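These notes are about the structure you will find just below.
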Amino acid sequence: MRRFLRPGHDPVRERLKRDLFQFNKTVEHGFPHQPSALGYSPFLRLMAIGTRSGAIKLYGAPGVEFMGLHEENNTVMQIHFIPDQCQLVTLLDDNSLHLWSLKQHGGASELREEHRFTLKGPPGSPPSATQITAVLAHSSREVLYLGTESGNIFVVELPSFRVLEDRTITSEAVLQRVPEDYCNRRSCELVEALREHPKNPDQILIGYSRGLIVLWDLQNNKVTHHFLGSQQLENLYWQRDGSKFISCHYDGSYTQWPVSSDNRQPEPLENVVPYGPFPCKAISKIYWQTTKNGLPYIIFQGGMPRASYGDRHSISVVHGSQQTAFDFTSRVIDFFIIFSSEPTAEFDDPSAMVVLAEEELVVIDLKTAGWPAVHPPYLASLHCSAITCSHHVSNIPLKLWERIISAGSKQNIHYSNMPWPIDGGTNIAPDPPQRDLLLTGHEDGTVRFWDASGVCLHLLYKLSTVRVFLTDADPNDNMNTLGEDEWPPLRKVGTFDPYSDDPRLGIQKIYLCKYSGYLTVAGTAGQVLVMELNDEDAEHVVDHAEADLLQDQEGYQWKGHEKLKTRDGPVRFEAGFQPFVLVQCQPPAVVTSLALHSEWKLVAFGTSHGFGLFDHQQKRLVFVKCTLHPSDQLALEGPLSRVKSLKKSLRQSFRRIRRSRVSSRKRRGGSGNASEVQEANAKFDQDALQEMELAPVQRKIEARSAEDSFTGFVRTLYFADTFLRDSSRHCPSLWAGTNGGTVYAFCLRVPPAERRMDEPVRAEQAKEIQLMHRAPVVGILVLDGRSTPLPEPLEVAHDLSKSPDMQGSHQLLVVSEEQFKVFTLPKVSSKLKLKLTALEGCRVRKVMVANFGSCKTDDYSENDLAVLTNLGDIQIISLPFLKLQIRYPCIRKEDVSGIASCVFTKYGQGFYLISPSEFERFSLSTKWLVEPRCVVDMPEVTSNNHVHKSGMENAARKS
Amino acid sequence: EFRRFSLERSKPGKFEEFYGLLQHVHKIPNVEVLVGYTDIHGDLLPINNDDNYHKAVSTANPLLRIFIQRKEDADYSAFGTDTMTRKKNVLSNVLRPDNHKKKPHIVISMPQDFRPVSSIIDVDILPETHRRVRLYKYGTDKPLGFYIRDGSSVRVTPHGLEKVPGIFISRLVPGGLAQSTGLLAVNDEVLEVNGIEVSGKSLDQVTDMMIANSRNLIITVRPANQRNNVVRNSRTSGSSGQSTESSLPSSMPNILSNFVQGEEESDEEDIIIEGSGEPQQIPKAAPTSESLESLTQIELLHESTQNGFLPSSEMNLNHSAGSTSMEYKVQDPDHKSLEEDGTIITL
């Protein structure tokens, strides 16, 4: 008896729980929020991205991913891989250096922080004396050169970070032999760049911000060459043979300098302002890459004419007569070129350019004519338009999977065929157990289909619903339409576009039937679209129906947005999901719940006013039900519209800013539109927060009443074939749950298949349950005679599920935000309940049935409820006894958008947004775990060049 | 007028028969009367149904004193705690004439015709500094009518006095249920909600818990004003309020939550409308062997015997109270030291 009374003390059950449940945050999908630094190791063929929150992420071949987090959570300023090592050094904005290593552990590599170090000056020196501005990881792998604000260069030993004081390169030593007049005009100032000579590791090039560049001989500790630049220096680049180097400058110019033993103070070979003659912005980074045919690739960031194109985030590639200024959608953080790193190769032969912009990663194929972009297998910008909802479908049948991929491949023809150039490391994770799709709905009316089977979340197919509607978006509003002879030769790249032309297009609910290929999506302006997968392009008319959810209610005025205008006549749709039915709710309030039954060919939808059922086979509205309480004026007027309109006006004003090409304002740090939006949002949030703090923090304690606002808001819809009227005959039924704790059940009569088109579908209200605690109903579920949740439509027909038990009595599970309740059917009597809120003070935000398999035995699995609460906890609750099994803290309770974005999968995994652009994937199951597992081996050092280098370094030290 | 007669203790019969017998022995066949008896504590308690009649008979040792009053001029205030002991002090009333002058009573109805709106409960198991208040929202149109806020309170811990965050009542809405009971006041610290401690919970969590329990809300508070505390004979009056906190019986929240579970089944039933029929309360499914309800029932029984309640009479009383949701607590003789009954009726 005791055992039952105190849940969780049954040793057998406890052991089973350990075999079933386990919580892991496994991998972050998407694009890192606020990236701040980029690094690349040609040796490991790994890329590293640092963020403003102190995270560092390494990417190689698809599936090869590592993540580390600096304890300080400070911005990562620079990342430098140690040449020919599995190590990298990061510089944070608190001036600390961190050494990270990839080490193998238990068969897989792990990224670990090994050491940290902060450069300390002599006592009494100003902080600028040791403020690091440039880092050079020397090819000897034994030392780091640290350029500072004071102009001194410190040398530290690796991996101990011991400062080798006798080898410090002071600015005084450098200035000794600089001509007087030059020296007087400008002091050294900070070290802008440090570059090792590509052929002679004993020489390093030092660039100071005021323009002076010197070649320093490490062996003799003296300057060998002086290059007296006259412009403020931004960056330096050695040509491959070491005979020349390029410097780029603040005024938008770059200069080529010869290095020879005859002239110790050479004049520049050429000085170019590529986008002159009018004042230009700085060129902040430059590459000069040699090719076999003799024409170099000159690739530089910035340099745009200040007045007309100063707001562009550009990188220009010049190759002979070809020149393109790639125009990025957000600020460029950094970029690198992938070129032949073989020391024996004669030419650079660049193959790809990898650009880290603030909101996306863009890779350009430099080998293929036209320089097309490469489709990245990871780091997808989930937020290219803001995510408004997500839907996960597990275990996609192969046929549907292939059809979606084929539809998607037709959309991706403009991408390069180049294999992914960043291919370091080996993915040793087992193949994903099944094909999973994650569908994200976006503000711009698109639905994106992501392959969520494995570690790399990548885009398979993109669906747009915009074509069905007439929007006020100007089709000529394309900023990319530039003539042939346009100068500069800008070319827009990237997909990030957070500006929605019409917020009403936003997708709110998605449901995909994986067996039939039927997809239904619903949006902000009450639009419900039913689509079918078609492998060919097609032109057809979309059937259109209206559902008046207010019906017999009178005297109400909808003050929200208008419904979307539809296009008359046939519309051309590309291969993929093509809409064939459009239902528009009236009033056009946001669709709050959606259900599709692909076998009965019915779609149900609900808004804050009521719900309706549509027969998409006969294209006929079966019924509508108004759920509105007569006194609920707020729901009718649509108060959300006020918020929306503010957002819309904000958006429009930003669009205006974007349109105005001439931006007189100088944007410090190159902050673009996106960061402005973020700043504005942040400020808005802050103001709201302050307002809240000023008000006394107190909470009203009052029971919910039937008259509360938004009680009619339809939260959940559910189709079930169950015993609604009597225990001898089961029938199709539709269930709806509202915000006010009401559950409606309708008995449906669906004609048999042979008469499906002839007879109408009929519906009749059979039951109405009012939960006395009146909390919003967030989930409805029917359990069959074996207490197993009813299978999905067509699941049984496809032999993927046992047919439900229709002998034993069915049970109804109603999940409100506060309680779980089990009722008997067909006579509704209450059987069990779990009062979550009364006991724990938390409310249910998301609930889903999940199947948990045991990691020990293959033949045991059970269905439980996975529940996310408003406190960000995840609880697993057993079925049908409603016993709390286990609880894990998952999301911070302050992270409201994270909690709102959470989706569970059918097999105990889940996703939630940790930033607008990143999904965190977690697993509650011991069996279904998708996490990166990869090995990075030290490639063989093939050339003896390195041996030679380190030998020389040793010699240098001895001397 | 006194009558003395005997009854078979083992077979007392029905109240109706007893009532007839009384009318018969007093020769007042058509006069409506109120029947009362003195229990072992000397309290005058009513006899008006089978259950309290049986109870009364079982307490006779060996005599059972029965009082009958004509219904028209009955003094309803006579019933209740301390009624008999007070009667013994008639002399003091005589000595102080202004006390003696009784206010004319407005007869409204029998107490059981009222619905309780609040009560102080579990006085016997709580420290003197705490008060457990039950608000009966069900059936009243009055709003609960209070607000809570964050604050900090001082606790005695092994490391000395410590400031810890707490939840406090910040405002009472005039005319609300909370204010009208007089049992809650601004700045009272909320310690528990329906038996669940609030420490470590956020203001929003506590708000949600209270709203989730709003139909039968039991709040344990530490009143800001400690001068109106119940004084018990069993404890020396010198025992300091603050230090009793740690001496709370550990099983206490359990008792309460079981009690609450058992109780609320009757008062929070969801409503079903079948087809186009009339709304009905959803009945409870017949407990099967796997049902939890049966377990809680058993647990309730089990726990209550442990804590000295008389299980059989408690169950009986719950049944009898079902129609009026009036609550009588049957106290074990061990708890005789209590001076105040659990039930307070606020009109």
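Top line first, the protein sequences correspond to chains U and C.
The first sequence maps to residues 101 to 1059 in my numbering.
The second sequence maps to residues 1118 to 1464 in my numbering.
For every residue, glycine included, the Cβ atom is placed at its ideal position computed from N, Cα and C.
Because the structure is a prediction, the values reported are computed rather than measured.
Is the Cβ-Cβ distance between U:Asp302 and U:Leu318 less than 8 Å? yes
Quick check on C:Arg1239 - is its C-beta less than 8 Å from some C-beta in chain U? It should be pointed out that residue 1239 of chain C corresponds to Asp in this sequence rather than to Arg. False, the Cβ-Cβ gap to chain U never drops below 8 Å.
Could you have a look at U:Gly998 and say whether DSSP puts it in helix, strand or coil? helix
Out of curiosity, what's the CA-to-CA distance linking U:Ile869 and U:Val843? 5 Å
Verify the CB distance criterion: does U:Met857 have a CB-CB separation below 8 Å to chain C? no
Those runs of the beta strand (DSSP E) which lie wholly inside the region 843-892 of chain U and span at least 3 residues: 862-870 and 877-883
Give the straight-line distance between the Cα atoms of C:Asp1273 and U:Gly154, rounded to the nearest whole angstrom. This sequence places Val at residue 1273 of chain C; Asp is not what is there. C-alpha separation (whole angstroms): 41 Å.
So, using beta-carbon positions, are U:His198 and U:His170 closer together than 8 Å? yes
Is there contact here, the region 113-122 of chain U with the region 940-958 of chain U, by at least three beta-carbon pairs under 8 Å? yes
Do we get a CB-CB distance below 8 Å when we pair U:Cys990 with the residues of chain C? no
Please confirm whether U:Gly941 has its beta-carbon closer than 8 Å to some beta-carbon of chain C. yes
Closest Cβ-Cβ distance between C:Ile1389 and chain U: below 8 Å? yes
Output yes if chain U places a C-beta closer than 8 Å to the C-beta of C:Tyr1264; else output no. yes
At 8 Å on the CB atoms, spell out the chain C contacts of U:Val797, in chain order. Arg1266, Asp1267 and Leu1320
Tell me whether U:Glu214 counts as near the ligand PLP, meaning its Cβ is closer than 7 Å to at least one heavy atom of that ligand. Among the components modelled here there is no ligand, and therefore nothing to report on the ligand PLP.
Pair within 8 Å by beta-carbon distance, U:Leu557 and U:His129: yes
Can you tell me where the beta strand (DSSP E) with C:Arg1332 in it begins and where it stops? From DSSP, C:Arg1332 is part of no beta strand (DSSP E); its letter is neither H nor E.
If you pair each beta-carbon of the region 148-168 of chain U with each one of the region 473-482 of chain U, do three or more pairs fall below 8 Å? yes
For the alpha helix (DSSP H) containing U:Leu275, name the first residue and the last one. Ser271 to Leu275
Out of U:Ala806, U:Phe166 and U:Asn970, state which residue places its alpha-carbon closest to the alpha-carbon of U:Glu210. U:Phe166
Between the C-alpha atoms of U:Leu244 and U:Gln511, what's the straight-line distance to the nearest angstrom? 47 Å
Which bits of chain C does U:Met872 rub up against, with CB to CB less than 8 Å? Arg1332, Glu1385, Glu1386, Asp1387 and Ile1388
With a threshold of 8 Å between beta carbons, is C:Lys1465 in contact with chain U? A question about residue 1465 of chain C goes unanswered here, because the residues of chain C that appear run from 1118 up to 1464.
One question on the structure: do U:Phe131 and U:Ser1017 come within less than 8 Å of each other, judged by their Cβ atoms? yes
List the residues of chain U that C:Asn1169 touches, going by C-beta distances under 9 Å, in chain order. Per Cβ cutoff of 9 Å: no residues; C:Asn1169 is ~31 Å from chain U at best.
Three-way DSSP call (helix, strand, coil) for U:Asn124 in this model: strand
Among the candidates U:Asp193, U:Val1035 and U:Val1003, whose CA atom is the shortest distance from the CA of U:Thr488? U:Val1003
Do U:Pro876 and U:Glu917 have their C-beta atoms closer together than 8 Å? yes
From C:Val1323 to U:Gln975, what does the alpha carbon distance come to, in whole angstroms? 19 Å
Chain U contact residues for C:Pro1179, given Cβ-Cβ distances below 8 Å: Neighbours of C:Pro1179 on chain U: none; closest Cβ ~40 Å, over 8 Å.
Assign U:Glu257 to one of two classes, buried (16 or more other C-beta atoms within 10 Å of its C-beta) or exposed (fewer than that). exposed
Anything in chain C within Cβ reach of U:Val928, meaning under 7 Å, just list it in chain order. Ile1389 and Ile1399
Sub-8 Å separation of U:Leu629 and U:Leu664 beta-carbons: no
What does a CB cutoff of less than 8 Å around U:Ser760 pick up in its chain, not counting 5 residues either side in sequence? Residue placement at U:Ser760 cannot be trusted, given a pLDDT of 41 that sits under 50; what the coordinates show is reported in the next sentence. Within the same chain, U:Ser760 has no close Cβ partners at all.
If contact means a Cβ-Cβ distance below 7 Å, which residues of the region 1275-1306 of chain C contact chain U? Ser1287 and Arg1288
Between U:Leu871 and C:Arg1249, what straight-line distance do the alpha-carbon atoms span, to the nearest angstrom? 27 Å
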